[in-house]
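Chains as they are written, first to last, in the UniProt record's numbering: chain A, 1 to 455; chain B, 1 to 325.
Even glycine gets a Cβ: it sits at the ideal position worked out from N, Cα and C.
All figures in this text were calculated on a predicted structure; none of them were measured in a lab.
Worksheet for the structure shown next.
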Amino acid sequence: MFVQRGSSRSRVALAGALSVGLVFGLSACGDSDDDTGADTGASAAAIDCSPYTAFGDLKGKTVTIYTGIVTPEDTPHKESYVPFEKCTGVTVKYEGDKAFETQILVRAEAGNPPDIAYVPQPGLLQNLVKTGKAVEAPPEVAANVDKFWGPDWKAYGTVDGKFYAAPLGANVKSLVWYSPKEFADKGYQIPTTLDELKALSDKIVADGGKPWCAGIASGEATGWPVTDWMEDFMLRLSGAEAYDKWVKHEIPFNGPEATQALDGVGAYLKNDQYVNGGLGDIKSIASTTFQDAGLPILEGQCSLHRQASFYAANFPAGTKVAKDGDVYAFYLPGKDATSKPVLGGGEFVLAFSDRPEVKAFQTYLSSDVWANTKAKLSSGWVSANKGLDPANLTNPIDQLSASILQDPNAQFRFDGSDMMPGAVGANSFWKQATAWIIGQDTKTTLDNIEKSWPK
Amino acid sequence: MFTTASTTSDKILQMFAAILLFAAAVGVILFAASRVAGKRDRAVAALYLLPTVLMLGVGLLYPGVRTVYQSFFDASLSNFIGLDNYTKIFTDAEQLTVLRNTAFWVLVTPFAATGIGLLYAILVDKARLESFAKALIFLPMSISFVAASVIWKFMYEYRPDQRNVQQIGLVNQVIVWLGGEPVQLLIESPLNTFLLIVVMIWIQAGFAMTVLAAAIKAIPDDIIEAARLDGVGPWGMFRFVTLPAIRPAVVVVMTTIAIGTLKVFDIVQTMTGGRFDTNVIANEFYSQSFRSNDKGLGSALAVVLFVLVIPIVVYNIRQLRRSEA
């Protein structure tokens, strides 16, 4: 650089030209990838536009979506917008990001939010509304939600009495996996109450088996499956009202309700007669990954495994997941046959803009038309939308989930650990649940979690 | 464009922008230096030092001071709570386990790794196939901590003692071959902490061996010959000749491993996630800061770690200076 000024100058110019070219080249690549592409999916001629005429002509408008749903689940989402885009002329820009849960807050606070965000946690939804950037749902959406969802779902989209966000997808956690073949061979009946579940477990023990298999290892999140167990038992033994208070810390974490719930779980997971089929003793629950925990069902070493609907994906390729297949699931029964508490999760559609095209798109997403369009395109997806025809769902577990969610007696409750403060829901609850499995008593466990609740 | 990079192409773009900026800054400094060159040496020196001082200030000093400041605040950093976070670290049962485990790590790892490395270095010194033997023990050094942890997780893997169930972990298979029952190695405390320490030793022994073998080679032959003539045996040779001659190298190796051990995070995070009473300060700092969102306690833990490292670093630098002198 110090030696030959002339040649260094020309070299700088060359480098500059190169980098400018690179910058433009890259930005050109960047622009093209997020369009949902109006050419994918069904061909235009096959689309019946009559359900969309109410939205009017929105040609040339754009709606941006920001979500944590990424490849491969994003493809059916994008394809499900195609009829709406074709018939109204709107372009939907879809942006999936694994870091959604932290980034959306940053973007909202920085004044750079998307038009619409799919929010997977009610707690995050409340924080987003608190930024003051979110807008209330239009009356058309509220009407759709009143029509197609139960009041429990609407409550999760409501902040301070104002309704903001309609539910989108859902998943069911209150499921017990089993082998239909084993049940048929041995004459076991699917239990409809908690007492029957207990009786069934005892019967399997009497037949010489270990009924349950479980596993809670999940890296730094080790322990979370126990929190789901406990939430399910909290809902069943003390009811939804006590559950809500417990999640909001209006009743203590170590109160009689919680003690009863965790002891209820202990009757299964800390009972060496019942666990851990094909995996070892009680302590092996702590060292078995949750992904592996249900597999002994296929080997006949274990008969029952409580895990969410998404567990279907963990069975090896070629496993038939169906009522007449290798494995299937039944609803973890309530205390009696009439009460149907359902533990699960889902996403909510929160808007940060009230432009007409955004409102129209929100309304579309909250309709039965969209739910059925989406159902036909995807596998491993359900919605609690009562307008969804289970026959449109492609796989049996999705159909089961939908039928559980749409049951008029179903009382849906969101996964509580997702709504508790991070210090509890993503730290002490997991840690203490793990310690509980390897021997710590119920009282110490609950006292320690109560102590960790932020003041 | 430069505030929120959401797509990959945006990120790459930002990266190139940053590199260009850096190149431009260096260019400006070199240009300015060339203008004043030969006039005032001090000015040139100051110019060259400027970026380093600036980066140390922004990247080390400022965050350091800020972390200390934040450690006196509560979870949301909104209320001043004095020394409460530190009180918690030194009284809370869970935090005391963290401190105990960190003590285990720091007391065992440097001595064990250095001892094994030293023994190995002496044994293979001037032996046949010396470089091959050295390569064998040095190999683990080239594996990342996370990869090493995954490997050792399989070594310790447990399968129950049931019909049709095969062990897949080497350690438990050996136990079964010897007629024992398979053990839940990573769950039994405090055994599990020592099993994690083994992983660290496995990685660091190669480093110790390499440095110490070089130091042994550097011992002048005439000293060794003189000792031999005086009739010193192998033990005496080690005790009175080799060890004093390589003492500075041993100290540097031990302190370096000790500092690395204090900061151990990857092994604990990957193998147990800090469960089953295996937590250490660095891992607890992470889970308090980023899982519990308790920024105050997280900062306090970082400060404790920092304070613990300081004496070792000071000792290390002193020894280095002395060996150079």
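Ranked by Cα distance from lysine 451(A), the options Ile438(A), Asn427(A) and Ile437(A) are led by Asn427(A). Distance from cysteine 87(A) to lysine 210(A) at the Cβ level is roughly 56 Å; contact not present, criterion being Cβ atoms closer than 8 Å.
Residue pairing by DSSP places arginine 413(A) opposite Leu343(A) in a beta bridge.
Look at lysine 443(A) here: in three-state DSSP terms it is helix. With respect to chain A, the C-beta atom of asparagine 101(B) has no partner C-beta closer than 9 Å. Using a CB distance below 7 Å, the part of the stretch 288-307 of chain B facing chain A consists of Arg291, Ser292, Asn293 and Asp294, ordered along the chain.
Glycine 169(A) carries a strand assignment under DSSP once its states are collapsed to helix, strand and coil. Around the beta carbon of isoleucine 317(B), fewer than 16 other beta carbons sit within 10 angstroms, so the residue counts as exposed.
Annotated as distal: tyrosine 81(A) and tyrosine 66(A), with beta-carbon spacing of 9 Å or more. In the structure shown, arginine 275(B) adopts coil according to DSSP, grouped into three states.
The Cβ neighbour count for threonine 338(A), taken over all protein chains shown within 10 Å, is under 16; the residue is labelled exposed. Under a criterion of Cβ atoms nearer than 8 Å, no residue of chain B is adjacent to leucine 304(A); the nearest Cβ is some 18 Å distant. Think of a sphere of 8 Å around the beta carbon of threonine 289(A): no beta carbon from chain B falls inside it, the nearest being about 11 Å out. The shortest CA-to-CA distance from phenylalanine 80(B) to any of Leu301(B), Leu320(B), Arg321(B) and Leu297(B) is the one to Leu297(B). Residues of chain A with a Cβ closer than 9 Å to the Cβ of proline 160(B) are, in chain order, Asn276, Gly278, Leu279, Gly280, Asp281 and Ser284. Sequence-ordered contacts of the stretch 421-453 of chain A with chain B read Gly422, Ala423, Ala426, Asn427, Lys431, Thr434 and Ile438 [C-beta pairs closer than 7 Å]. Note that the C-beta distance between threonine 227(A) and glycine 416(A) is below 9 Å.
Nearest neighbour of lysine 173(A) by Cα position, chosen from Asp97(A), Asp447(A) and His305(A), turns out to be His305(A). The three-state secondary structure of glutamate 95(A), taken from DSSP, is strand.
With a threshold of 9 Å between beta carbons, glutamate 109(A) makes no contact with chain B. At the C-beta level, asparagine 293(B) and proline 421(A) come within 9 Å of one another. In the three-state scheme derived from DSSP, where H, G and I count as helix and E and B as strand, valine 327(A) is classed as strand. Look at leucine 170(B): its C-beta is not under 9 Å from any C-beta on chain A. Interface with chain B (9 Å Cβ-Cβ cutoff): glutamine 301(A) is included. Its chain contains Asn171 and Asp415 as the residues whose beta carbon lies nearer than 6 Å to that of glycine 345(A), once the 5 sequence neighbours on both sides are disregarded; these appear in chain order. Isoleucine 116(A) is positioned such that its CB atom lies closer than 9 Å to that of valine 358(A). For the set Tyr331(A), Lys162(A), Ala433(A) and Asn409(A), the Cα lying nearest the Cα of aspartate 263(A) is the one of Ala433(A). Put simply, the backbone Cα of valine 303(B) is about 55 Å away from that of lysine 376(A). Rounded to the nearest whole angstrom, the C-alpha separation of serine 367(A) and lysine 386(A) is 10 Å. Among the residues facing chain B, alanine 221(A) is included, as its CB has a counterpart in that chain under 9 Å away. According to DSSP, tryptophan 177(A) shares a beta bridge with His305(A) and Ala329(A). Within the stretch 108-148 of chain A, the complete beta strand (DSSP E) runs of at least 3 residues fall at 116-119. When secondary structure is reduced to three states using DSSP, isoleucine 190(A) falls in the coil class, being assigned neither helix nor strand. In this chain, the alpha helix (DSSP H) harbouring isoleucine 122(B) covers 93-124.
Under the three-pair Cβ rule at 8 Å, the stretch 257-264 of chain B does not count as touching the stretch 42-51 of chain B.
Here the alpha carbons of proline 316(A) and glycine 280(A) stand approximately 22 Å from one another.
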